[in-house]
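Student:
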Amino acid sequence: MIMLSFASLFIGCKSENKSHLHMNDIQIVGSHNSYKKAIDKELMQVLYREDSNLAISLQYEHLPIKEQLDLGMRNLEIDVFHDPKGGRYSVPLGLLAIENASPYDAKRMNKPGMKVFHVQDIDFRSHYYFFSAALLEIKKWSDNHPDHVPIIITMNLKDEVIERLGFTSPLPFSMEALDSVDNEILSVINWDKLIHPDLIKSTYPTLEEAVLTNGWPLLNDVRGKLLFVLDAGETMNSLYIDGHPSLAGRVMFINSKEGTPEAAFRILNNPFISFNKIQELVKKGYMVRTRSDANTIEARNNDYSRWQKALESGAQVITTDYYVPSKLFKSEYAVGFKADTIFRVNPLRIKK
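Dropping the structure here:
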């Protein structure tokens with residue numbers, strides 16, 4: 000496949016052994032909205048007429064997760080919608096707006112379970128109808144590659160209401176719904192395969208104190224494991240923490256500001272705006288995710304300045320929509336490390 004061989008110029012799948020490194024001493028590349036398929040061409044044209052900026056920002060797609068992991072991605076992002084009764088997202092509004100839609104399995108979407116897609120009614124194409132299906136693919140790949148560098152999975156739990164006629168209103172993520180996310184993960188992935196908050200906190204009073212004092216585990220001690228991060232606002236974070244101080248018993252880390260008991264992993268998506276902050280946090284011992292591109296802007300302009308800034312920031316996780324060039328518009332933009340390299344040593348953490 001031409002796409003995969005071209006990608007090998009950027010990212011390979013070897014050279015992972017650095018026994019002295021801790022897991023926060025490296026930088027990895029990952030994908031943003033990792034499940035996403037392209038929007039139907041006809042629907043894209045409709046969106047472009049309605050809001051060209053929105054349409055342009057949504058014009059990207061991803062390979063199935065297995066292929067991304069084969070290419071060297073070690074960060075994934077999954078969006079989840081709560082649908083305990085099923086059927087809430089079976090007939091997207093966008094399907095009704097076009098005549099020649101590609102197949103969509105409404106019968107499957109009628110079944111109960113957490114659904115995976117980007118934006119209700121307009122950006123609903125996904126490699127995985129269910130969260131459980133995405134988890135199973137990740138676990139299967141991980142089990143088949145037991146020495147892999149830890150895979151970090153950021154989670155967006157989608158409940159934003161879009162105030163437009165005919166758009167489906169998502170169900171809010173109550174504490175019960177948040178519990179069900181943890182339970183869904185644990186139904187597929189055992190505790191011993193997870194890098195979870197209790198593992199890092201150990202006997203320290205708080206998770207943050209553990210991270211800043213004892214640090215993160217040696218990389219070789221957590222190979223073959225997965226780490227989940229809830230990327231949410233303060234309201235959802237508060238619900239997730241309630242009854243779980245320092246995330247005791249929880250599966251996911253959260254994007255909690257430094258100075259709080261739960262602070263360990265930060266998400267600061269703009270390496271230009273947050274450059275100094277990212278460097279400060281990384282030096283102290285936090286893990287940070289940032290983005291090398293967004294809304295297709297860098298790809299359309301073949302602009303690598305944000306990628307370079309992300310690398311220089313020291314953020315351990317750098318997320319992109321372009322580990323291979325786009326097939327949806329003309330561009331050569333693609334980011335990653337040299338061939339046969341899954342990660343690079345973080346120059347902000349390890350001095351040569």
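Under numbering that gives the first Met the number 0, the final residue of the sequence shown carries the number 351; numbering is consecutive throughout. Each residue gets a CB set at the ideal place from its N, CA and C atoms; glycine is no exception.
Quick check on this structure: which residue in D292, M22, R124, A314 has the alpha carbon closest to the alpha carbon of V323?
Tutor: Measuring from the Cα of V323, the nearest candidate turns out to be D292.
Student: Under the rule that 16 or more other beta-carbon atoms within 10 Å means buried, what is Q26, buried or exposed?
Tutor: buried
Student: Would T167 and Y88 be called neighbours here (beta carbons separated by less than 8 Å)?
Tutor: yes
Student: Could you give the distance in angstroms between the alpha-carbon of R348 and the alpha-carbon of K282?
Tutor: 6 Å
Student: Tell me, which residues are paired with I317 by DSSP?
Tutor: V28, T289
Student: Give the C-beta separation of T319 and S30 to the nearest angstrom, bearing in mind that I take them to be a contact with Cβ-Cβ under 8 Å.
Tutor: 7 Å
Student: How would you write the range of the alpha helix (DSSP H) that M154 sits in, first residue to last?
Tutor: Element bounds for M154: not the alpha helix (DSSP H) but the beta strand (DSSP E), 150–156.
Student: Should I272 go down as buried or exposed, given a rule of 16 or more other Cβ atoms within 10 Å for buried?
Tutor: The residue in question, I272, is exposed, as its Cβ has fewer than 16 Cβ neighbours within 10 Å.
Student: Can you tell me whether DSSP reads I349 as helix, strand or coil?
Tutor: coil
Student: Expressed to the nearest angstrom, what Euclidean distance is found between the alpha-carbon atoms of K65 and I150?
Tutor: 12 Å
Student: If we count Cβ pairs, one from each stretch, closer than 8 Å, do we get three or more for the stretch 91–101 versus the stretch 35–44?
Tutor: yes
Student: Thinking just about the alpha-carbon of each residue, which of S141, V344, P196, P216 is nearest to the one in I188?
Tutor: Residue S141 is the option with its Cα nearest to I188.
Student: Cα-Cα, which of L177, D120, S125, L62 is closest to L95?
Tutor: D120
Student: Relative to the alpha-carbon of H61, which residue among G313, K114, L53, H126 has its alpha-carbon at the smallest distance?
Tutor: H126
Student: Going by the beta-carbon positions, is the gap between L198 and V148 smaller than 8 Å?
Tutor: no
Student: How should H81 be labelled, buried or exposed, when 16 other C-beta atoms within 10 angstroms of its C-beta is the threshold for buried?
Tutor: buried
Student: Measure the C-alpha to C-alpha separation of E207 and L193 and round it to an integer number of angstroms.
Tutor: 18 Å
Student: Just tell me which of D220, S201, D181 has its CA closest to the CA of F227.
Tutor: D181
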